[in-house]
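Notes follow the structure.
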Amino acid sequence: MDGLGIYLLLLLAIACGWLLGRVRRSSRRKRRPSHDVFSDYFVGLNYLLNDEPDEAIDTFINSLEATGDTPETHLALGALLRRRGKVDKAIKVHQALLARPDVSREFSDSTRLQLATDYISAGLLDRAERLLNDLLNEDTPAKWDALRHLITIYQTEKEWENAIACSTRLLTNSAFKRDAELRTAAAHYCCELAELRIAQNQYQAAKDQARRAFTFDRKHRRASMILVKVEHHFGNYAAALKELARIQSSSPEFTSQLLPQFEACYRHLGRMADYELLLHKFSQQVADVKLVLALAELKQSLYGNAAAAEFLAEKLREQPNLAAIVELLRLQAVDATITPDSATIELLQQVVHKMQQRKAAFRCHHCGYESRNLYWLCPSCKVWDKSKPITESDKT
Ligand SMILES: [Zn+2]
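Quick note: the sequence shown, position 245, residue 949 per our numbering, numbers continuous.
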């Protein structure tokens, strides 16, 4: 938006605020809900402010301070002040608003929510908590917003039981019932409690908390991982494997992260051949070199160096990969019975060559921007003549 556009919109919004204030005052006898007027005004304001420069906000603050006399303009002013980091001033504006005798109940609730947000911004969490709990106890329509703020506070303060209680209450509202973000967060609060229990060596209590997490989010990955830990601790390796399989099938991208637990369970059960089959299955599902390396390591321990080297060479023909090449070269170096083949060296040369081509050759000495071509004007920091070739000594 250009300067003139911003200016015109500012004028329009200020005029709207003034007009709406008048409309509201003249229509108060008709008991028009003040919320409509207020929300119209605020929506307009938000449209204007999104992605606008700070100067626009400051202009707005100045004009509101100079001309605003309605409660709505003061509420808007307070929010703007907070947005500009002037939290002390915002608190004063909102406290003065609460002291006014001419504001409606609904308006006073909105103001208290704003004041609580000010307190949160200022780090005065105790005060915010008290204010929000008052809103909750009074059972006002603002309680849903109050619950959201309280959850934020309890999360910051690591008061997990309180956070869970507020989440449970918020989820009774049909508007939030399917809020996936809220459910995931609530499940994480249970997991936090579960991990505290594990740290205290209370594995049964940890298991209860993990199960509680599933009541919020049936596919919660962290809760499943905690269950794996608990079942492993109790020696229920089959149960742990079942949980691991559940995580793997719902999040295949996490497969390589799960390998140590998979391996430990199969080892305890004495079923390493099954583990090998499983790794083969995974490596067909997910293209991850860590799976190939894990299989090579397993084959080395089960069948010896030659079998591992043969497997790696075969995998490399399908998909060249530096880590796999290095592992193959290592096997060839440590075991004289494995004859180094020229194909591996050739693959290595190709992969390294590709990596060199991808590598940046120039670096901006002003901002650190790296590029393959020389730019006289740095595309990142827009300073002339700072791009210089990267030398070997730069790389260390
Ligand atoms: Zn630069």
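Just so it is clear, CB atoms sit at the ideal spot from N, CA and C, and this is done for glycine as well.
Beta carbon of residue i nearer than 8 Å to that of residue j
| i | j | result |
| --- | --- | --- |
| Tyr893 | Trp864 | yes |
| Leu1016 | Leu1032 | yes |
| Ala903 | Val934 | no |
| Leu963 | Glu947 | no |
| Ala1065 | Ile1094 | yes |
| Leu1002 | Glu980 | yes |
| Ala909 | Arg922 | no |
| Ala944 | Gln965 | yes |
| Ala832 | Ile857 | yes |
| Ile795 | Asp838 | no |
| Leu983 | Leu999 | yes |
| His1057 | Lys1090 | no |
| Ile1042 | Asn1009 | yes |
| Ile824 | His798 | no |
| His936 | Ala977 | no |
| Ala917 | Cys895 | yes |
| Arg816 | Leu829 | no |
| Tyr683 | Phe938 | No statement about residue 683 is possible, as the shown extent of the chain runs from 705 to 1100 and does not include it. |
| Trp1088 | Leu1081 | yes |
| Leu897 | Leu886 | no |
Distance between beta carbons of residue j and residue i, contact taken as under 8 Å
| i | j | result |
| --- | --- | --- |
| Ser928 | Ile951 | 5 Å |
| Leu851 | Leu840 | 7 Å |
| Tyr941 | Leu973 | 5 Å |
| Ala884 | Ile868 | 17 Å between Cβ atoms; not a contact. |
| Val990 | Thr959 | 5 Å |
| Ala1035 | Ala1012 | For clarity, residue 1035 is Leu in the given sequence; the question names Ala instead. Confirmed, Cβ separation roughly 6 Å. |
| Ala846 | Ser808 | Contact doesn't hold; Cβ gap of about 12 Å is too wide. |
| Gln1054 | Pro1024 | 7 Å |
| Gln818 | Gly782 | 6 Å |
| Arg925 | Ser955 | 6 Å |
| Arg1076 | Lys1092 | That pair is no contact at about 14 Å. |
Beta-bridge pairing of residue i - partner residues as DSSP gives them
| i | result |
| --- | --- |
| Arg1067 | Glu1074 and Lys1092 |
| Leu1081 | Trp1088 |
Where the alpha helix (DSSP H) containing residue i begins and where it ends
| i | result |
| --- | --- |
| Glu833 | Leu829 to Asn841 |
| Lys933 | Arg925 to Phe938 |
| Ala794 | Val791 to Ala803 |
| Asp849 | Lys847 to Thr860 |
| Phe920 | Tyr907 to Phe920 |
| Arg788 | No alpha helix (DSSP H) contains Arg788, which DSSP labels as neither H nor E. |
| Ser878 | No alpha helix (DSSP H) holds Ser878; DSSP gives it neither H nor E. |
| Ser814 | Arg809 to Ser825 |
| Glu863 | Per DSSP, Glu863 belongs to no alpha helix (DSSP H) and is neither H nor E. |
| Thr844 | No alpha helix (DSSP H) contains Thr844, which DSSP labels as neither H nor E. |
| Thr774 | No alpha helix (DSSP H) holds Thr774; DSSP gives it neither H nor E. |
Residue i: CB within 7 Å of a non-hydrogen atom of ligand 3
| i | result |
| --- | --- |
| Lys1092 | The model on display carries ligand 1 but not ligand 3. |
Cβ of residue i within 8 Å of any chain D Cβ
| i | result |
| --- | --- |
| Gln818 | The structure shown contains no chain D; it holds only a single protein chain. |
Could you give the uninterrupted runs of the alpha helix (DSSP H) lying entirely in the segment 933–996, keeping only those of 4 residues or more? 941–954, 959–973 and 976–989
Could I get the ranges of all uninterrupted beta strand (DSSP E) runs contained in the segment 997–1069, with 3 residues as the minimum, in chain order? 1066–1068
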